[in-house]
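Per this note's numbering, the sequence shown starts with residue 6, numbered consecutively. All C-beta atoms, glycine included, are put in the ideal place defined by N, C-alpha and C. Fair warning: this is a prediction, and the values are worked out from it, not measured in the lab.
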Amino acid sequence: AQKAPWAWRVRNWLRFNFVFGWLANVAAKGFSALTGIPTITAALHGRLIRADGTVIDHGVLGYRVVTSAGVGFLVDDWDDDTTDITTMNYHASGTDNTAENSSDTALGAEATTVTDRATGTKSQPAANQLRSVATQAFTGTAAIVEHGLFSVVTESSGVLWDRTVFAAINVGNGDSIEFTYTCTLNAGS
6 AQKAPWAWRV RNWLRFNFVF GWLANVAAKG FSALTGIPTI TAALHGRLIR ADGTVIDHGV
66 LGYRVVTSAG VGFLVDDWDD DTTDITTMNY HASGTDNTAE NSSDTALGAE ATTVTDRATG
126 TKSQPAANQL RSVATQAFTG TAAIVEHGLF SVVTESSGVL WDRTVFAAIN VGNGDSIEFT
186 YTCTLNAGS
């Protein structure tokens, strides 16, 4: 696959939340290694697949934000099994570039008129990592700037585990984006 244009990569990398997310991920991993206190970090990768089959690898879209609602969902599953963390496997995208926040409970503007949520394929690439990969197909044009991982496939509902905002990926009818979300649970060494 070809890489995204330099202009897009620089625009994405220079966003405050991208830089802060990268720094926070590095710091969290180092903190866990030094103290033995576990942390959760995440990264979202994206690949644009054009209608003609051309693949453009956008690389890391962002490193943000596991939400308070997502953490609460995990605790409820662990506490009394009223939720099921294994349902956090539904990818959605949207068009609102309002910065991520741990208090987010939904995407800013889920792109429900041009795509549906996609069910991820889960894997465990390392003993401390969970990964979900899904491809969202688009039926119209949009500037996709946000991604969320949800507990249900039904649009505009469910618990939001993670929300990531990134530089716009412009899609058209017949295009799709393959999202790869990797969550790492860091422990001490």
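Are the Cβ atoms of residue i and residue j separated by less than 8 angstroms?
i: N178; j: F155; result: no
i: I90; j: D84; result: no
i: A147; j: V170; result: no
i: L57; j: K8; result: Reading off the sequence shown, one finds Asp at residue 57, where the question assumed Leu. For D57 and K8, no; Cβs fall outside 8 angstroms.
i: V164; j: T124; result: no
i: R168; j: G153; result: yes
i: A33; j: T46; result: yes
i: G67; j: L79; result: no
i: E151; j: S98; result: yes
i: A74; j: N22; result: no
i: V119; j: T185; result: no
i: H96; j: R69; result: no
i: A111; j: V60; result: no
i: T100; j: I149; result: yes
i: G64; j: I182; result: no
i: A173; j: R20; result: no
i: Q166; j: T72; result: What sits at residue 166 in the sequence shown is Trp, not Gln. Taking 8 angstroms as the Cβ cut-off, W166 and T72 qualify as a contacting pair.
i: K127; j: N102; result: no
In three-state terms, what does DSSP make of residue i?
i: T40; result: helix
i: N106; result: coil
i: V158; result: coil
i: G26; result: helix
i: L19; result: coil
i: V138; result: strand
i: G58; result: coil
i: V70; result: coil
i: R14; result: helix
i: V119; result: coil
i: G113; result: coil
i: G153; result: strand
i: G64; result: strand
i: G51; result: strand
What span of residues does the alpha helix (DSSP H) with residue i cover, start to end?
i: R168; result: No alpha helix (DSSP H) contains R168, which is instead part of the beta strand (DSSP E) from L165 to V176.
i: L79; result: S73 to D85
Quick check on residue i: buried or exposed, where buried means 16 or more other Cβ atoms within 10 Å of its Cβ?
i: T44; result: buried
i: N133; result: exposed
i: W18; result: exposed
i: N106; result: exposed
i: A116; result: buried
i: A192; result: exposed
From what residue to what residue does the beta strand (DSSP E) around residue i run?
i: I182; result: S181 to N191
i: A97; result: Y95 to G99
i: T126; result: T126 to S128
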